[in-house]
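Residue numbers (the numbering used here), protein chains in the order written: chain W, 1002 to 1145; chain S, 1002 to 1145.
Notes follow once the structure below has been shown.
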DNA sequence: GTGTATTGTAACTATACTTGTTACAGTTAT
DNA sequence: ATAACTGTAACAAGTATAGTTACAATACAC
């Protein structure tokens, strides 16, 4: 399938919201920065709103803003908000339960999966949205 | 898409090979343990062979065996052998280059992606195939 | 040498997920 | 009232995976 880029888009969206500060931004404006359709943006904003990372307002002069200051928004939360969150998948079909390997490999793989997911979460935990904003601004000053 | 389970299948396959020791195993037998088609197994074995983790022989009484002892096979190598290897994808469409955020977010996300991938690789580096085999055997002894 | 078993690989199908798009009901400022 | 938004459903298009069939190439066994 097309690879899932929702986390990347979510970070882009949040960075954009952080940069523009305390105003209701329209999905249309955000879509222009991300270069996609406003509905795609609103879908991701919906997930971020459920995680209480952003707040939206309907109606005229509505829009979306951050629900927390950028320092308080951690990339783990963003990742959890948009992703199903497994680095590798387990096979759909059940392995052969009459085989000593097939019978037991699944739980071992499942534990391994959890260990990997934890280490991804830990690494993402090191970054806040404020950090991302800093990095973006830095890129802009040193750009070619 | 169907989520990519090649890494999980690869670990299963290698564990099976390790368990059966120094003999040429047919893709047919392995397929029975994994509960899939032999061609699916051969496709994965092909990738593992390219990474020099297994060795195959064509012809009658051919098959596949480990190219290294289980202690020397690390799960990072397996992951690299079968996976394209990114935890999250970057958007396909290029962001708006006229926007300060769109112009710079891509390289920031790309660096973040690399950091995450490194931490996954580090965690996988902690496990060898021998470890997996131990865990599978342990599961079998304490099974309900 | 002939026959048989097995890998390697191409080609195709079915399925499923993601993105993009249109459409529209519901909501709120002015 | 009107206009400008969000939220969301529905659908199309693109693409990746897994499964399957088929077959050429290869190597052992006799």
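Glycine included, C-beta positions come from ideal geometry on N, C-alpha and C.
When Cβ-Cβ separations below 9 Å define contact, residue 1075/S makes no contact with chain W. The criterion of a C-beta distance shorter than 9 Å is not satisfied by residue 1136/S and residue 1132/W.
In the structure shown, the three-state DSSP call for residue 1066/S is strand.
Apart from sequence neighbours up to five positions away, the residues of its chain that approach residue 1053/S with a beta-carbon distance below 6 Å are 1068, ordered along the chain. Secondary structure at residue 1075/S: strand, using DSSP grouped into helix, strand and coil.
Residue state for residue 1026/S is assigned as strand, using DSSP reduced to three classes.
The beta carbon of residue 1010/S sits closer than 7 Å to the beta carbons of 1035, 1045 from its chain, once the five residues preceding and following it are set aside; these are given in chain order.
In chain order, 1125, 1128 place their CB closer than 6 Å to the CB of residue 1076/W, counting only its own chain and leaving out the 5 sequence neighbours on each side.
The beta-carbon separation of residue 1120/W and residue 1121/S, rounded to 7 Å, stays under the 8 Å limit for a contact. Residue nearest to residue 1038/S within the set 1049/W, 1118/W, 1096/W, 1111/W is 1096/W (criterion: CA-CA distance).
Neighbours of residue 1045/W in chain S, taken as residues whose beta carbon is under 8 Å from its own, are absent, since the nearest beta carbon is some 11 Å off. Contact annotation: residue 1019/W and residue 1071/W have beta-carbon atoms nearer than 9 Å.
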